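Notes to accompany the following structure.
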Amino acid sequence: MHFTINKNYTKLQGSYLFAAIGKKIARFQEENPDVEIIRLGIGDVTQPIAPAILTAMHKAVDEMGHAETFRGYAPEQGYEFLRDVIAEKDFRERGCDISADEIFISDGAKCDSGNLQEILGPGNTIAVCDPVYPVYVDANVMAGRTGSFDMATGKFGGVVYMPCLEGNGFLPELPAERADIIYLCFPNNPTGEAITKAELQKWVDHANQNGSLIIFDAAYEAYIREEGIPHSIYECEGARTCAIEMRSFSKKAGFTGVRLGFSVIPKELRADGESLNALWLRRQGTKYNGTPYIVQRAGEAVYSEEGSVQVAAQIDRYMENAALIRNGLIDAGYQAFGGVNSPYIWMKTPHGMPSWEFFDFLLTHAGVVGTPGAGFGPSGEGYFRLTAFGTYENSIKALEKIRKI
Ligand code: MLT
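Below, the structure written as structure tokens:
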């Protein structure tokens, strides 16, 4: 007799995509210590925390040093001061009927997108875009909701993959095969393409008609530039009965190292006679210690008059990089997509080169790191993702180097 492991973990492929890339870069740098590496791989921000947010954090730190203002455990769902401002600014000001008690503060959308599946039945089927942010799939593999990985197709058994390719404008088509849980991320990671409100409405209608749940990742909504692109799924009619939405402060306000995000679970969202809002509250109360007070005060400052102006200026700068990279690639004869309502540029590899081969080629010949499209799913093969989160100088440098190869 001996204890056993969760065998579902053995179905996972190698290491997590960005960990695998990190190791490859470290090895290359060790072997080539003089080569300057420009990192446009993982979507990690480079601009420092905005001054108004820093001031709020400093003030919160000082409060922790005095008995009268000291705070211990944070409320399981998050402080009301933050949930109130989010409900107002992110939702009600956009005409979305979301209240503070439907918002759950967390330490980021990655954790929420991995954890939310816990309150759903083990037998649910899932549908994902292909290519896809790997966390949605891996978290369900770990939970036993998939079959094993098929090396030949690059897919897990039992998962509905919805190809997002040039031919369909990188937008998934409604699945012919019904799925219980549908993961959508718009503006999309990794393709950088956005969805119109009319298109998203079709998904909401589909989910309501078929008794499916949409888990909508809106981590990149702050990068939307064009009219007609929804910032929230709750802009669509009927979304309160079929959708959970996740948001992140990582890309919106440079919090990748600070850690803050939230999920929205409307009260009407029910299955098997139970409220998902109540189940998630129960789950968070048991397994989550609450996001630190200092971080939640930082989050509140993102919505302040000064904070919102400063954060918008940072996003503008990243979007300058996005335009520079996208247009520069197109000028140089590459096919490039995304980058208009999103910080990601999705380029076609030259001469149909496999994406991991292009990764090595670009690193070796140009010292530029991107993310191989195949790492996001089989339909990502032949594509490559660059981020706009570098500095302006590095974005220019990377572009020049890519042009020369
Ligand atoms: C990415 O590069 O896809 C993101 O940075 C990953 C994340 O936000 O977890």
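Under the numbering used here, think of the first position of the sequence shown as 567, with each following residue one higher. Using N, Cα and C, we set each Cβ at its ideal position, and we do this for glycine too. These figures come from a predicted structure and were not determined experimentally.
1) Between the alpha carbons of Phe903 and Ser921, how many angstroms are there, rounded?
2) Say yes only if the C-beta of Tyr699 is nearer than 7 Å to one or more non-hydrogen atoms of the ligand MLT, and no if none qualify.
3) Is it the case that the CB of Phe975 approaches a heavy atom of the ligand MLT more closely than 7 Å?
4) Quick check: the Cα distance between Met717 and Pro832, rounded to an integer number of angstroms?
5) With DSSP as the reference, label Phe782 as helix, strand or coil.
6) If I measure Cβ to Cβ from Lys655 and keep anything under 6 Å in the same chain, skipping five residues before and after, which residues do I get?
7) State the start and end residues of the unbroken beta strand (DSSP E) segment that holds Ala902.
8) Please report the residue range of the alpha helix (DSSP H) in which Leu895 lies.
9) So what does DSSP say about Gly943, is it helix, strand or coil?
10) If Gly946 sits next to Pro756, beta carbons under 8 Å apart, how far is it from one beta carbon to the other, in whole angstroms?
11) Applying the 10 Å Cβ sphere with the 16-neighbour rule, what's the burial state of Asp704?
12) Got a sec, what are the start and stop residues for the beta strand (DSSP E) Lys914 sits in?
13) So within the segment 830 to 863, which uninterrupted alpha helix (DSSP H) runs reach at least 4 residues, ignoring any that extend past its ends?
14) Nearest CA to the CA of Asp882: which residue from Phe584, Pro909, Gly713 and Leu731?
15) Would you mind listing the alpha helix (DSSP H) stretches within the segment 747 to 821 that are 4+ residues and don't spill past its ends, in chain order?
16) Do Met885 and Tyr786 count as a contact pair if the criterion is CB distance below 8 Å?
17) Over what stretch of residues does the alpha helix (DSSP H) that includes Pro700 continue unbroken?
18) According to DSSP, is Ser961 part of a helix, a strand, or is it coil?
19) Could you please give the first and the last residue of the uninterrupted alpha helix (DSSP H) stretch that includes Thr621?
20) Out of curiosity, what's the CA-to-CA distance linking Asn774 and His917?
21) Compare the beta carbon distance of Phe950 and Gly939 with 8 Å and say whether it is the shorter of the two.
22) In whole angstroms, give me the CA-to-CA distance for Gly720 and Gly943.
23) To the nearest angstrom, how far is it from the Cα of Thr930 to the Cα of Ile962?
24) Roughly how many angstroms separate the alpha carbons of Arg969 and Pro617, rounded to a whole number?
25) Quick check: the Cα distance between Phe828 and Gly689, rounded to an integer number of angstroms?
26) Would the segment 616 to 636 count as touching the segment 846 to 865 if we require 3 or more Cβ pairs under 8 Å?
27) Let me check understanding here. Comparing Cα to Cα, which of Gly905, Phe715 and Thr937 lies closest to Thr915?
28) How far does the alpha helix (DSSP H) with Val824 in it extend, from its first residue to its last?
29) Between which two residues does the alpha helix (DSSP H) carrying Thr930 extend?
30) Regarding Ile972 and the ligand MLT, is the C-beta to nearest heavy atom distance less than 7 Å?
31) Under the criterion of a Cβ to heavy atom distance below 7 Å, does Ser672 qualify as lining the ligand MLT?
The relevant details are as follows:
1) Position 337 of the sequence shown, counting from 1, holds the residue named residue 903. Position 355 of the sequence shown, counting from 1, holds the residue named residue 921. Rounded to whole angstroms, Phe903 and Ser921 show a C-alpha spacing of 16 Å.
2) On the sequence shown, position 133 is the one that residue 699 refers to. Because some heavy atom of the ligand MLT lies under 7 Å away, the Cβ of Tyr699 counts as near it: yes.
3) One cannot answer for residue 975 here, as it falls past the ends of the chain, which runs 567 to 971.
4) Along the sequence shown, one-based indexing puts residue 717 at 151. Along the sequence shown, one-based indexing puts residue 832 at 266. Using only the alpha carbons, I get a separation of about 39 Å.
5) For the purposes of this step, residue 782 is taken as residue 216 along the sequence shown, with counting starting at 1. Reduced to three states, the DSSP call for Phe782 is strand.
6) Taking the first residue of the sequence shown as 1, we reach residue 655 at position 89. The answer, listed in chain order, is Tyr869.
7) Within the sequence shown, numbered from 1, the residue matching residue 902 stands at position 336. Run containing Ala902: Ala902 to Gly904, per the beta strand (DSSP E) assignment.
8) Along the sequence shown, read from residue 1 onward, the residue named residue 895 stands at position 329. For Leu895, the enclosing alpha helix (DSSP H) covers residues Glu871 to Asp897.
9) Residue numbering aside, residue 943 sits at position 377 when the sequence shown is read from its first letter. Gly943: coil per DSSP, three-state reduction.
10) Here residue 946 refers to the residue found at position 380 of the sequence shown. Here residue 756 refers to the residue found at position 190 of the sequence shown. Approximately 7 Å separates the beta-carbon atoms of Gly946 and Pro756; this is inside 8 Å, confirming the contact.
11) Start at 1 with the first residue of the sequence shown, and residue 704 comes out as number 138. Asp704 should be labelled buried.
12) One-based indexing of the sequence shown puts residue 914 at position 348. Lys914 -> beta strand (DSSP E) spans Tyr910 to Lys914.
13) Those alpha helix (DSSP H) runs which fall completely within the segment 830 to 863 and span 4+ residues are 842 to 853.
14) Residue numbering aside, residue 882 sits at position 316 when the sequence shown is read from its first letter. Closest by alpha carbon: Pro909.
15) Segments of the alpha helix (DSSP H) lying fully in the segment 747 to 821: 763 to 776 and 816 to 819.
16) Indexing the sequence shown from 1 puts residue 786 at position 220. Indexing the sequence shown from 1 puts residue 885 at position 319. Cβ atoms of Tyr786 and Met885: not closer than 8 Å.
17) Translated into the one-based positions of the sequence shown, residue 700 becomes position 134. Unbroken alpha helix (DSSP H) run through Pro700: Pro700 to Met708.
18) The sequence position of residue 961 within the sequence shown is 395, counting from 1. Correct three-state label for Ser961: helix.
19) Translated into positions along the sequence shown, residue 621 becomes position 55. That run of the alpha helix (DSSP H) goes Pro617 to Met630.
20) Walking along the sequence shown from the start, residue 774 turns up at place 208. Walking along the sequence shown from the start, residue 917 turns up at place 351. Going from the Cα of Asn774 to the Cα of His917 covers about 43 Å.
21) The sequence position of residue 950 within the sequence shown is 384, counting from 1. The sequence position of residue 939 within the sequence shown is 373, counting from 1. Taking 8 Å as the Cβ cut-off, Phe950 and Gly939 qualify as a contacting pair.
22) Residue mapping note: residue 720 aligns to position 154 of the sequence shown, counting from 1. Residue mapping note: residue 943 aligns to position 377 of the sequence shown, counting from 1. Whole-angstrom Cα-Cα distance: 7 Å.
23) As a first step, residue 930 is located in the sequence shown; it is residue number 364 there, counting from the start. As a first step, residue 962 is located in the sequence shown; it is residue number 396 there, counting from the start. Near 18 Å, if we compare the C-alpha coordinates of Ile962 and Thr930.
24) The sequence position of residue 969 within the sequence shown is 403, counting from 1. The sequence position of residue 617 within the sequence shown is 51, counting from 1. Those two C-alpha atoms are separated by around 36 Å.
25) Working through the sequence shown from its first residue, we reach residue 828 at position 262. Working through the sequence shown from its first residue, we reach residue 689 at position 123. Looking at the two C-alpha atoms, the distance is approximately 26 Å.
26) yes
27) Here the question's residue 915 lines up with position 349 in the sequence shown. Comparing Cα positions, the closest option is Thr937.
28) Here the question's residue 824 lines up with position 258 in the sequence shown. Unbroken run through Val824: none, as it is neither H nor E.
29) Mapped onto the sequence shown, residue 930 falls at position 364. Ser921 to Ala932 is the span of the alpha helix (DSSP H), which, as asked, contains Thr930.
30) For the chain, the structure presents residues 567 to 971; residue 972 sits outside this window and is missing.
31) Counting from one through the sequence shown, the residue named residue 672 turns up at place 106. Flag unset: Cβ of Ser672 not near the ligand MLT.
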